[in-house]
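In my numbering, the protein residues as written are 22 to 393.
Glycine is no exception: its CB is placed at the ideal position from the N, C-alpha and C atoms.
Down below is the structure, laid out as structure tokens.
Listed below in structure tokens is the structure:
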């Protein structure tokens with residue numbers, strides 16, 4: 022049995038572009054417009070209307086133009102977004118707010134902040150037989166929008182890794198601490214799981230005095246394509262669609278010149294020099310989908326997306342997409358796809374996103390949804 026215990030430290034997103042918001046109340050229509058730096062405008066409208074302001078959704082418009090960097094910290098619903106529209110109604114004019122850099126550090130949601138102890142068991146033939154994980158995950162002083170989901174749905178459900186471990190037990194305890202709230206950040210739960218599993222494998226290889234590559238190969242899930250061989254059902258709720266993990270690792274090792282690096286490492290050690298060689302394998306849950314999976318894990322909303330393509334009388338084409346763009350290149354890529362499909366110039370394709378009055382619905386962009 023190999024045991025590790027460590028902290029996965031707290032991180033700060035710190036986008037170059039701080040959060041900001043403009044609230045504009047129209048008294049004639051009793052209507053609120055919020056311009057805000059969010060990655061998911063429709064979800065923000067839903068949360069504002071259903072849980073904070075008690076308004077029907079048609080009374081609130083969310084506009085989220087180019088917001089700069091997101092990285093997860095612009096997913097949650099923040100108090101300032103409600104305060105500016107409420108203040109606008111009180112003073113009878115638009116109200117603008119922009120975070121200072123110091124505010125970004127202490128009010129934008131942070132990421133990670135786990136303390137974990139984990140054990141991985143092997144039989145005498147070095148086959149993995151079990152994994153037990155106990156994680157204490159800080160939520161900060163208050164729950165953020167998706168804070169509890171990160172160490173549970175997105176962390177615990179990837180503890181199978183790429184290995185055939187027949188028994189996996191994951192116990193996650195979310196705790197309140199006197200710190201900034203925690204939510205999604207650059208991978209959101211998946212890097213934490215990968216780091217844990219791969220550190221255990223490396224530690225086990227060191228203790229058993231075997232090559233970490235060979236230990237991984239011995240325990241990889243056999244190749245499956247999801248067609249001729251069914252998807253691989255893990256011990257932690259998910260079904261992998263396809264994979265050939267040994268082939269991918271071999272390709273990476275060949276490209277890196279792994280055997281040559283090991284020889285160089287051995288020669289250097291004889292000279293009293295130490296060269297470290299590290300490697301890691303991982304599997305990613307992209308798109309935070311499908312809806313059936315998140316539903317089985319307790320989510321009360323599907324994670325489907327919407328899109329509308331309209332051919333205008335002028336011959337121009339308008340694409341309305343619920344997937345928000347903040348650096349992923351949606352404008353270019355979606356225009357290329359439509360241009361190729363319809364045989365029209367890219368210049369004749371307009372991409373519209375980030376406006377709840379124009380786009381029917383969308384779950385926003387995070388977790389490699391639409392474009393990574």
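Who are the Cβ neighbours of residue 244 in its own chain at under 6 Å, not counting the five residues just before and after it? So the list reads 265, once near-sequence residues are dropped.
On a Cα-Cα basis, can you pick out the residue from 225, 89, 216, 280 that is closest to residue 135? Of the candidates 225, 89, 216, 280, the one whose C-alpha sits nearest the C-alpha of residue 135 is 216.
Three or more C-beta pairs closer than 8 Å, one from the stretch 229-241 and one from the stretch 188-207: is that the case here? Segments in contact, no.
Helix, strand or coil: how does DSSP classify residue 348 here? Collapsing the DSSP output to three states places residue 348 in coil.
Using the three-state DSSP reduction, which class does residue 372 fall into: helix, strand or coil? In the structure shown, residue 372 sits in a strand (DSSP, three-state: E or B).
Closest to residue 31 by C-alpha separation, out of 130, 60, 101, 117, would be which residue? For residue 31, the closest of 130, 60, 101, 117 by C-alpha to C-alpha distance is 130.
Would you mind sorting residue 282 into buried or exposed? The rule is 16 or more other CB atoms within 10 Å of its CB. With fewer than 16 Cβ atoms within 10 Å of its Cβ, residue 282 is classed as exposed.
Around the Cβ of residue 179, are there at least 16 other Cβ atoms within 10 angstroms (buried) or fewer (exposed)? Flag for residue 179 reads buried.
With a 10 Å radius around its C-beta and 16 neighbouring C-beta atoms as the bar for buried, classify residue 79 as buried or exposed. Residue 79 is classed as exposed because its beta carbon has fewer than 16 other beta carbons within 10 Å across all chains shown.
Please return the same chain residues whose Cβ sits closer than 6 Å to the Cβ of residue 254, not counting the five positions on each side in sequence. Closer than 6 Å at the Cβ level, and outside the excluded window around residue 254, lie 260.
Are the CB atoms of residue 117 and residue 26 nearer to each other than 8 Å? At a Cβ-Cβ threshold of 8 Å, residue 117 and residue 26 do not count as neighbours.
Would you kindly work out how many angstroms separate the C-alpha atoms of residue 110 and residue 48, rounded to a whole number? When rounded, the distance between both Cα atoms is 8 Å.
Would you kindly report the start and end of the unbroken alpha helix (DSSP H) that includes residue 240? Per DSSP, residue 240 is one residue of the alpha helix (DSSP H) stretching across 233-240.
Cα-Cα, which of 177, 275, 225 is closest to residue 213? It is 177 whose Cα lies nearest to the Cα of residue 213.
Check this for me: beta carbons of residue 237 and residue 305, under 8 Å apart or not? Contact flag unset, no.
Span of the alpha helix (DSSP H), counted from its first residue to its last, around residue 66: In this chain, the alpha helix (DSSP H) harbouring residue 66 covers 62-68.
Leaving out five residues before and five after residue 51 in sequence, what residues of the same chain have Cβ atoms less than 7 Å from its Cβ? The residues 80, in chain order, have a CB closer than 7 Å to that of residue 51 in the same chain once the five nearest residues on each side in sequence are set aside.
C-alpha gap between residue 367 and residue 344, whole angstroms: Taking C-alpha positions only, residue 367 is separated from residue 344 by approximately 19 Å.
Would you call the stretch 70-90 and the stretch 147-163 touching, i.e. three or more CB-CB distances under 8 Å? Touching, no, given that fewer than three Cβ pairs across the two stretches are closer than 8 Å.
Classify residue 431 as helix, strand or coil using the three-state DSSP reduction. Shown here, the chain extends from 22 to 393; a query on residue 431 therefore has no answer.
Under 6 Å Cβ to Cβ from residue 195, same chain only, skipping five residues before and after it: list those, please. 158, 160, 169.
Whole-number beta carbon distance between residue 93 and residue 400, since they are thought to touch under 8 Å: A query on residue 400 cannot be resolved here, the shown segment of the chain reaching from 22 to 393 and no further.
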